[in-house]
Amino acid sequence: MKHHFGLLKESSQETRLAFLPQEVKKLIEKYEVVIQVEKDYGLRANITDAEYISAGATIETKAHILQKANFILSINDVIEEKDNVTPHTTFIGIYNTLYFSERLEKFKKLQAKVYSLDQLPRTTLAQAMDVRSSLDALSGYKAVLKATELYSKVFPMITTATSTLQPAKVLVLGAGVAGLQAIATTKRLGAIVHAFDVRKAAGEEVRSLGANFIEIEGNTEAKNAGGYAVEQAEDYKQRQQDRINEQLQSTNIVICTANIPGKKAPVLIDENAVQNMPSGSVVIDLAAEQGGNCSLTKNNETITYNSTTILGNSHLSRELSKAASQLLSANYFNFIKHLIEKGEENELIKATQVINQE
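For the record, in the sequence shown the residue sitting at position 354 is 436 according to my numbering, with numbers rising by one throughout.
Structure (structure tokens):
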């Protein structure tokens with residue numbers, strides 16, 4: 083029996099696409115699958131229905147796709163209460179069910195099988211499917227560009243015949259993929275960069291990019307954490323807070339990227355610290371969806387507190403829809419390829435399976 087894949091339109095704020103025409107063509111040619119695409123699926127990324135038809139897909143209504151497809155590809159949960167979903171449909175997306183557990187209950191009621199690609203381990207074998215790294219890299223890059231827009235001074239030192247403008251001082255919190263990309267982008271713009279991460283191993287990568295690494299002794303690391311940060315002891319948190327607060331007093335720009343999978347983001351900047359930052363400072367909080375690294379952050383909002391601008395947005399890659407879609411589409415294709423060729427019992431596939439209802 084042929085596999086039937088369905089591509090459904092995302093919510094109004096989502097600009098990225100899970101699957102592009104080039105991957106549609108590759109999947110059909112390689113595995114002889116059937117792919118049905120909801121009308122105007124690619125519109126927000128400026129991709130037409132004609133391009134999907136040319137790649138071998140057909141254009142259908144959402145209702146038709148939900149009845150016929152045994153695989154639904156999306157980025158977010160695209161199912162509404164009115165939708166009639168065939169039991170045992172397989173959903174592949176980026177659902178962050180570790181943090182948003184209510185999404186699990188919804189899928190269970192649908193009697194669905196669910197693969198959430200954000201749960202892929204960060205291993206060499208999984209790199210080609212790693213949606214987190216793809217989106218984090220773009221978000222880290224875009225966070226710096228956002229900061230340049232909101233900051234009323236310049237990033238590099240600029241000298242004229244009459245005056246010298248000093249370079250911006252930037253602090254990056256979290257040196258994962260997003261943080262490292264933010265560091266690299268900021269250094270290219272000529273700023274002075276410091277970075278902090280609870281993982282000591284991150285220090286080498288930070289220094290290799292030309293930034294200064296803030297190291298605080300006594301951290302906790304777990305070998306089974308898949309390269310992610312873990313919850314820290316209270317005494318360490320206090321020393322961490324004191325050191326970050328000290329650094330913030332001379333920092334103009336903060337890029338917040340620190341997250342712990344399935345948990346509330348660690349608060350690294352409190353109200354008092356913001357009050358002591360230089361006038362006109364900017365905080366870009368990429369951890370906003372899970373509470374934020376700054377206690378004042380409001381998700382999907384930009385606020386001003388004591389002359390400091392705080393932007394909370396965990397999905398800045400949506401502002402780079404073409405680039406994000408290109409990376410995601412390749413990630414999804416490689417995951418589907420792995421699923422078809424290796425089967426459901428493969429370790430990488432099982433790592434992403436959050437619901438299995440046959």
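Positions of the beta carbon are idealized from the N, C-alpha and C atoms, including for glycine.
Per DSSP, residue i forms a beta bridge with which residues?
{"i": "Q435", "result": "Y197"}
{"i": "D367", "result": "C338, G394"}
{"i": "I385", "result": "I392"}
{"i": "N294", "result": "H276"}
Is residue i helix, strand or coil when you go by DSSP?
{"i": "D352", "result": "coil"}
{"i": "A304", "result": "Bear in mind that the predicted position of A304 carries a pLDDT of just 49, short of 50, making it too unreliable to give a figure here."}
{"i": "T333", "result": "coil"}
{"i": "I418", "result": "helix"}
{"i": "G71", "result": "Residue 71 is absent from the structure shown; the chain starts at 83 and stops at 440."}
{"i": "L410", "result": "helix"}
{"i": "L89", "result": "strand"}
Tell me which same chain residues have a C-beta within less than 8 Å of the C-beta of residue i, skipping the five on either side of it?
{"i": "A210", "result": "A412, N413, N416"}
{"i": "D317", "result": "G300"}
{"i": "K144", "result": "L90, K91, E120, D165"}
{"i": "I122", "result": "In the sequence as displayed, the identity of residue 122 is Asp instead of Ile. The residues are K91, D131."}
{"i": "K84", "result": "E114, V115, V116"}
{"i": "N381", "result": "A370, E371, G374, G394, N395, S396"}
{"i": "Y197", "result": "T172, F173, I174, G175, F417, L421, I431, T434, Q435, V436"}
{"i": "K188", "result": "D159, I161"}
Within its chain, find whatever has a CB closer than 6 Å to the CB of residue i; leave out the 5 residues flanking it on each side and keep chain order.
{"i": "A252", "result": "Contrary to the premise, residue 252 reads as Val rather than Ala in this sequence. Excluding residues within five positions, the ones whose Cβ falls inside 6 Å are T268, A273, V275, I335."}
{"i": "A355", "result": "N327, L330"}
{"i": "V254", "result": "G261, A264, I265, A277, I337"}
{"i": "H420", "result": "none"}
{"i": "K424", "result": "none"}
{"i": "I509", "result": "For the chain, the structure presents residues 83 to 440; residue 509 sits outside this window and is missing."}
{"i": "L109", "result": "V115"}
{"i": "R214", "result": "D200"}
{"i": "E142", "result": "Q118"}
{"i": "T140", "result": "Q118"}
{"i": "S234", "result": "G362"}
Within its chain, find whatever has a CB closer than 7 Å to the CB of residue i; leave out the 5 residues flanking it on each side and keep chain order.
{"i": "I291", "result": "One point to set straight first is that residue 291 is Leu, not Ile, in the sequence displayed. Excluding sequence neighbours, L291 sits near L262, I265, A266, K269."}
{"i": "K150", "result": "H86, Q118"}
{"i": "F72", "result": "Missing from the structure shown is residue 72; the chain here goes from 83 to 440 and no further."}
{"i": "A433", "result": "Q201, L202, P203"}
{"i": "A347", "result": "A340, N341, A369, Q372, G373, G374, N375"}
{"i": "I240", "result": "L247"}
{"i": "I418", "result": "L109"}
{"i": "S407", "result": "R98, L99, L102, A127"}
Flag residue i as yes when its Cβ comes closer than 7 Å to any non-hydrogen atom of the ligand MN, and as no otherwise.
{"i": "A355", "result": "Looking for the ligand MN in the displayed structure turns up nothing, as the structure carries no ligands at all."}
Report the residue ranges of all alpha helix (DSSP H) runs contained in full by the stretch 184-265; include only those spanning at least 4 residues, in chain order. 184-191, 213-232
contact_flag[the stretch 230-242, the stretch 343-355] where n(CB pairs < 8 Å) is 3 or more: no
What alpha helix (DSSP H) runs, 4 residues minimum, are completely inside the stretch 104-174? 131-136, 144-150
Decide if the stretch 382-402 is in contact with the stretch 217-225; the criterion is three or more beta carbon pairs, one per stretch, under 8 Å apart. yes
Using 8 Å as the cut-off, can you tell me whether the stretch 378-390 makes contact with the stretch 193-202, which would need three or more C-beta pairs spanning the two stretches below that distance? no
Between the stretch 93-104 and the stretch 152-161, do three or more beta carbon pairs fall short of 8 Å? yes
Touch test, the stretch 422-440 against the stretch 132-147, Cβ-Cβ under 8 Å, three pairs minimum: no
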